[in-house]
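Written out below as structure tokens is the structure these notes cover.
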């Protein structure tokens, strides 16, 4: 099977290169130009004012400590990009650029993006650490929201997320900045297609190859031979109405967080960590319409059973626990831009099974943006959330947590949470 | 199961390759196509210094903002396009000034218009273009008399130019 996958992967990449090679060379093309170096950047300065009704989850809080304070200041999404852009006489003239994205977010590595992009008449090819097509080809309600993203925004960092709740617009299996290769077709008649291939969803930069056990702490299920595909359509009508529709998806072979060789004791933790996982198969459908300042967006996400245990997990003498899925979500948003002002309303709903009953998320968001100058704006957003899990999910997570060795504890169980988060701040881009 | 998945993606690759054989220009279109979710949302707010303020190296005339003319070429080209229905009196690509002749629409022969456009910046900015519309009405003796123009008319022209400039930038059209 592996040989087949490797052969198939190689064939697909070779196909892209074949397309590239098959493009006739334009002898009359303009001479290449010396590259230029561009510097761009951005940052957000946010004040979060929030309330978690569940301030004392059962076993403490993951991530950044207990999130019960009502005020939090953050400097978020800070990036400095160094981009070298040039053109060359190759395959009928190409435009190339190398981008290194440095982050100011102290919970990330220094360089978050490092990729080479080559564009020609045959399309665009990217290689390196960059987002895949499942991210940048997607269109949906998230793009209509302002502020830090409304229901998809940075306030997630100040919320105690109950166990098992799906709370994102990213597909399960998204490879984020994992090292990958991507090909995008030219946009023809408003239509564009593309795919990304990441050999390992956890591999970045010059990290050593690993295909058996997650390198994250705590370990997570991860994918090998991850293929993301996308197709979208953009069109502007004569009356200036614009629409964008997209379909994106990911297929990958999923590995358990830990190899069976790491099964050191018969605990529910070890069962959960080493049980075979369902392969990643997730997709999203979305769209946006824009007319005279009005915007309307919607998105549907189905993660199927991606990365979930393929069979029951069980502790010695215990009852087998089953009923896992990766969740489904939908979101709607509408916005209106008038001059330098923008207002948007959004709603996000998700359902997911974690050891039986469904966990649910309901989020209502309103955002307001006021542009002060090109690249400089103030924003405010208010989010009301209601995140529900089940007793079974909390108990299962508790058992997994208790069985984990110290130093490799997974997320602690968290019960239902309801509350609001208001974010006020400013953002700039240069 | 995996065979079917792989076949599906191979099909997508084939589709991509077939579409990829079609021609396209080397515009900045795909630069926007590879913007991730967050940056796509924020891209609409523009940038503090315009498109090419922090650019080093390259050759004269290769930068996107100005090229071989003294002002932003998207605004310059958009201004010419927007005024294409009127005869031009002068157009200075280095100073960024476009002046039209008096123009009389066939359906209203007793009034005529003249438009002056000044492009103020090498960057594509919302305030990078200023339009002055002049209006005259013919009296009973057939003499042309100046009439005030609604400031909104100037704004409409500026908006039309900026919209056209945006389209040109998306399509990657050079002056």
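Chains as they are written, first to last, in my numbering: chain A, 1 to 430; chain B, 431 to 605. Quick reminder that beta carbons are idealized off the backbone N, C-alpha and C, glycines included. On a predicted model such as this, the values are computed, not experimentally measured, just so you know.
Let's see if you can read the secondary structure: which residues bound the beta strand (DSSP E) around residue 315 of chain A?
Walking along the first chain from the start, residue 315 of chain A turns up at place 315. Looking at the DSSP string, residue 315 of chain A is not in any beta strand (DSSP E), and its letter there is neither H nor E.
Measure the Cβ-Cβ separation of residue 310 of chain A and residue 320 of chain A and say whether it is below 8 Å.
Position 310 of the first chain, counted from the start, is the residue given in the question as residue 310 of chain A. Position 320 of the first chain, counted from the start, is the residue given in the question as residue 320 of chain A. No, the Cβ-Cβ distance between residue 310 of chain A and residue 320 of chain A is not below 8 Å.
DSSP beta-bridge partners of residue 537 of chain B:
Within the second chain, residue 537 of chain B is the residue found at index 107, counting from 1. Looking at the DSSP assignment, residue 537 of chain B forms no beta bridge with any residue, so it has no partner.
Residue 98 of chain A to residue 595 of chain B, Cα distance in whole Å?
Position 98 of the first chain holds residue 98 of chain A. Position 165 of the second chain holds residue 595 of chain B. Near 27 Å, if we compare the C-alpha coordinates of residue 595 of chain B and residue 98 of chain A.
Per-residue DSSP class, three states only, for residue 250 of chain A:
For the purposes of this step, residue 250 of chain A is identified with residue 250 of the first chain, where counting begins at 1. Strand, per DSSP.
Minimum Cβ-Cβ distance from residue 131 of chain A to chain B less than 8 Å
Position 131 of the first chain, counted from the start, is the residue given in the question as residue 131 of chain A. With 8 Å as the cut-off, residue 131 of chain A counts as an interface residue toward chain B.
Chain-ordered chain B contacts of residue 427 of chain A [CB-CB under 9 Å]:
Numbered from 1 along the first chain, position 427 holds the residue referred to as residue 427 of chain A. Residues of chain B passing the Cβ test: 472, 475.
Closest residue to residue 245 of chain A among A/45, A/297, A/418, A/381 (Cα-Cα distance):
What you label residue 245 of chain A is simply residue 245 of the first chain in a count that begins at 1. It is A/297 whose Cα lies nearest to the Cα of residue 245 of chain A.
Of all the options A/241, A/411, A/373, A/401, which has the alpha carbon lying nearest to the alpha carbon of residue 555 of chain B?
As a first step, residue 555 of chain B must be located in the second chain, where it is residue number 125. It is A/373 whose Cα lies nearest to the Cα of residue 555 of chain B.
If you count every other CB in all the chains shown that lies within 10 Å of the CB of residue 592 of chain B, and 16 or more means buried, which is it?
Residue 592 of chain B sits at position 162 when you count from the first residue of the second chain. It counts as buried.
Hey, residue 147 of chain A and residue 140 of chain A are a contact pair by Cβ (cut 8 Å); roughly how many whole angstroms apart?
Position 147 of the first chain, counted from the start, is the residue given in the question as residue 147 of chain A. Position 140 of the first chain, counted from the start, is the residue given in the question as residue 140 of chain A. Going by Cβ atoms, the distance from residue 147 of chain A to residue 140 of chain A rounds to 16 Å, so no, they are not a contact pair.
Which residues, in chain order, does the segment 550-571 of chain B contribute to contact with chain A at a C-beta distance below 7 Å?
Correct list: 555, 556.
Please confirm whether residue 76 of chain A has its beta-carbon closer than 8 Å to some beta-carbon of chain B.
By 1-based counting over the first chain, the position of residue 76 of chain A is 76. No, no contact with chain B.
Return no unless some Cβ of chain A is closer than 8 Å to the Cβ of residue 592 of chain B.
Numbered from 1 along the second chain, position 162 holds the residue referred to as residue 592 of chain B. False, the Cβ-Cβ gap to chain A never drops below 8 Å.
If I follow the unbroken beta strand (DSSP E) through residue 83 of chain A, where does it start and stop?
The count along the first chain starts at 1 and reaches residue 83 of chain A at position 83. Unbroken beta strand (DSSP E) run through residue 83 of chain A: 71-88.
Closer than 9 Å at the beta carbon, the chain B residues around residue 42 of chain A:
Along the first chain, read from residue 1 onward, the residue named residue 42 of chain A stands at position 42. By Cβ distance, chain B contributes 469, 472, 477.
Neighbourhood of residue 37 of chain A by C-beta distance below 6 Å, restricted to the same chain and skipping five residues each side
Start at 1 with the first residue of the first chain, and residue 37 of chain A comes out as number 37. Excluding residues within five positions, the ones whose Cβ falls inside 6 Å are 84.
Who are the near neighbours of residue 278 of chain A in its chain, counting only those whose CB is closer than 6 Å to its CB and skipping five residues on each side?
For the purposes of this step, residue 278 of chain A is taken as residue 278 along the first chain, with counting starting at 1. Here the set comprises 305, 308, 310.
In the segment 356-375 of chain A, which residues sit with their C-beta less than 9 Å from some C-beta in chain B, listed in chain order?
369, 371, 373, 374, 375
Contacts of residue 135 of chain A in chain B (Cβ-Cβ under 9 Å)
For the purposes of this step, residue 135 of chain A is taken as the residue at position 135 of the first chain. 466, 467, listed in chain order.
Would you tell me roughly how many angstroms separate the C-alpha atoms of residue 137 of chain A and residue 230 of chain A, rounded to the nearest one?
Taking the first residue of the first chain as position 1, residue 137 of chain A is located at position 137. Taking the first residue of the first chain as position 1, residue 230 of chain A is located at position 230. Rounded to whole angstroms, residue 137 of chain A to residue 230 of chain A spans 6 Å at the Cα level.
Which whole-angstrom value describes the C-beta separation of residue 48 of chain A and residue 361 of chain A, a residue pair presumed to lie in contact below a C-beta threshold of 8 Å?
For the purposes of this step, residue 48 of chain A is taken as residue 48 along the first chain, with counting starting at 1. For the purposes of this step, residue 361 of chain A is taken as residue 361 along the first chain, with counting starting at 1. 19 Å between Cβ atoms; not a contact.
Using a Cβ distance threshold of 8 Å, determine whether the segment 380-396 of chain A contacts the segment 422-429 of chain A, with at least three qualifying pairs required.
yes
Short Cβ contact (8 Å threshold) for residue 531 of chain B with residue 510 of chain B
Residue numbering aside, residue 531 of chain B sits at position 101 when the second chain is read from its first letter. Residue numbering aside, residue 510 of chain B sits at position 80 when the second chain is read from its first letter. Going by C-beta atoms, residue 531 of chain B is not nearer than 8 Å to residue 510 of chain B.
Three-state secondary structure (DSSP) of residue 45 of chain A:
Locating residue 45 of chain A in the first chain gives position 45, counting from the first residue. When DSSP states are grouped into helix, strand and coil, residue 45 of chain A belongs to the strand group.
Determine which residues of the segment 519-534 of chain B have a Cβ less than 9 Å from any Cβ of chain A, and write them out in chain order.
none
Exposure label - residue 579 of chain B; buried when at least 16 CB within 10 Å:
Translated into the one-based positions of the second chain, residue 579 of chain B becomes position 149. Residue 579 of chain B comes out exposed.
Residues of chain A with CB under 8 Å from residue 484 of chain B, in chain order?
By one-based count along the second chain, residue 484 of chain B stands at place 54. Result: 38, 39, 40, 430.
What is the DSSP secondary structure of residue 198 of chain A, reduced to helix, strand or coil?
Start at 1 with the first residue of the first chain, and residue 198 of chain A comes out as number 198. Reduced to three states, the DSSP call for residue 198 of chain A is strand.
For residue 131 of chain A and residue 81 of chain A, the rounded distance between their alpha carbons
As a working mapping, residue 81 of chain A is identified with position 81 in the first chain. As a working mapping, residue 131 of chain A is identified with position 131 in the first chain. Cα-Cα distance, rounded: 15 Å.
Are the C-beta of residue 463 of chain B and some C-beta of chain A separated by less than 8 Å?
Working through the second chain from its first residue, we reach residue 463 of chain B at position 33. By this cut-off, residue 463 of chain B is an interface position.
Are the C-beta atoms of residue 117 of chain A and some chain B residue less than 8 Å apart?
Against the first chain, residue 117 of chain A aligns to sequence position 117. With 8 Å as the cut-off, residue 117 of chain A counts as an interface residue toward chain B.
Quick check on residue 309 of chain A - is its C-beta less than 8 Å from some C-beta in chain B?
Residue numbering aside, residue 309 of chain A sits at position 309 when the first chain is read from its first letter. It does not; no Cβ of chain B falls within 8 Å.
Should residue 149 of chain A be flagged as near chain B, meaning a C-beta pair shorter than 8 Å?
The sequence position of residue 149 of chain A within the first chain is 149, counting from 1. Yes, contact with chain B.
Cα separation between residue 258 of chain A and residue 223 of chain A?
In the first chain, residue 258 of chain A corresponds to position 258, counting from 1. In the first chain, residue 223 of chain A corresponds to position 223, counting from 1. Their Cα atoms are separated by approximately 12 Å.
Member of A/347, A/303, A/293, A/365 whose CA lies at the smallest distance from the CA of residue 337 of chain A:
The residue you call residue 337 of chain A lines up with position 337 of the first chain. Measuring from the Cα of residue 337 of chain A, the nearest candidate turns out to be A/293.
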